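J.: Supplied in structure tokens, the structure appears directly below.
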Amino acid sequence: MGPLIPLNDISEEINLLVAFLIGIGFGFSLEQAGFSSSRKLAGMFYGYDTTVLKVFFTAAITAMIGLTLFNELGMIDMSIVYVNDYFVRSAIIGGIIMGAGFIIGGFCPGTSACAAAIGKIDAMYFLLGSLIGIFIFGQTFPIWEELYMADHMGPVKISDTLGVKDGVMVLIVIIVATLMFWLGEKAEKRFKREDITKEI
562 MGPLIPLNDI SEEINLLVAF LIGIGFGFSL EQAGFSSSRK LAGMFYGYDT TVLKVFFTAA
622 ITAMIGLTLF NELGMIDMSI VYVNDYFVRS AIIGGIIMGA GFIIGGFCPG TSACAAAIGK
682 IDAMYFLLGS LIGIFIFGQT FPIWEELYMA DHMGPVKISD TLGVKDGVMV LIVIIVATLM
742 FWLGEKAEKR FKREDITKEI
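Residues in the sequence shown are numbered from 562 upward in steps of one, following our numbering.
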């Protein structure tokens, strides 16, 4: 959350309450977008349903535009917003594992929590597997630490790497998203499956 300059005097309790309400809203939005269906989520990888692509690109663009405008209006200071450190090797390996798990299980950690919340048994098993994996990784971290910390690049942003302003980066993402939406529509027509997302 934040740091929103006009709200920097709110208490920790209110801060957590707002975060909790935002979390509920986020989960509700995921469910309404159909992200509690593993078939719909897996459809992204097989080309017959690109809802995931459209929703997440739309969310990213909305957030980018909002943050950029708030920064320009002095409502948020982007210079003190935390950016995760980038570890190249572990990011690539983690992305491959995440992608494979997404295709095989039909969920990511966030969508599995969303589906489990409305009683989906497969999501509950997926979420349990995620927790077991996190526990095992935590217990064996010394084994993986060197690999995990390899190729550290610090808290880099794509705009900084490309040497462009944040506003230009937002425009680039909007153009890329528009192209991806168009390709997604083409893919859905090409790989259409009858009633594939209908719940049993």
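Beta carbons are placed, not taken as given, at the ideal position from N, Cα and C, and that holds for glycine. As the structure is a prediction and not an experimental result, all values here were calculated from the model.
Where does F696 land, buried or exposed, given buried means 16+ other C-beta within 10 angstroms?
T.: With fewer than 16 other Cβ atoms within 10 Å, it is exposed.
J.: Whole angstroms is fine: what's the gap from I664's alpha carbon to T611's?
T.: One C-alpha to the other measures close to 14 Å.
J.: For the candidate residues S597, M741, A652 and L630, whose alpha-carbon lies nearest to that of G715?
T.: The option with the nearest alpha carbon to G715 is A652.
J.: Can you grab the Cα-Cα spacing for the pair M639 / F752, in whole Å?
T.: Each residue's Cα considered, the two are about 42 Å apart.
J.: What is the DSSP secondary structure of G627, reduced to helix, strand or coil?
T.: In this structure, G627 counts as helix in the three-state DSSP scheme.
J.: In terms of alpha-carbon separation, which member of E574, A580 and G608 lies closest to W743?
T.: Of the listed residues, the one whose Cα sits closest to W743 is G608.
J.: Below 8 Å between beta carbons: does that hold for M636 and V731?
T.: The answer is no: Cβ separation not under 8 Å.
J.: Hey, how far is the Cα of K681 from the Cα of L614?
T.: Answer to the nearest angstrom: the Cα atoms are 22 Å apart.
J.: Mind checking G604: buried by the 16 CB within 10 Å criterion, or exposed?
T.: Buried, by the Cβ-count rule.
J.: So is G745 buried or exposed if we call it buried at 16+ other beta carbons inside 10 Å?
T.: Buried, by the Cβ-count rule.
J.: Output yes or no for whether 8 Å exceeds the beta carbon distance between C669 and L591.
T.: Cβ distance not < 8 Å, so C669 and L591 don't count as in contact.
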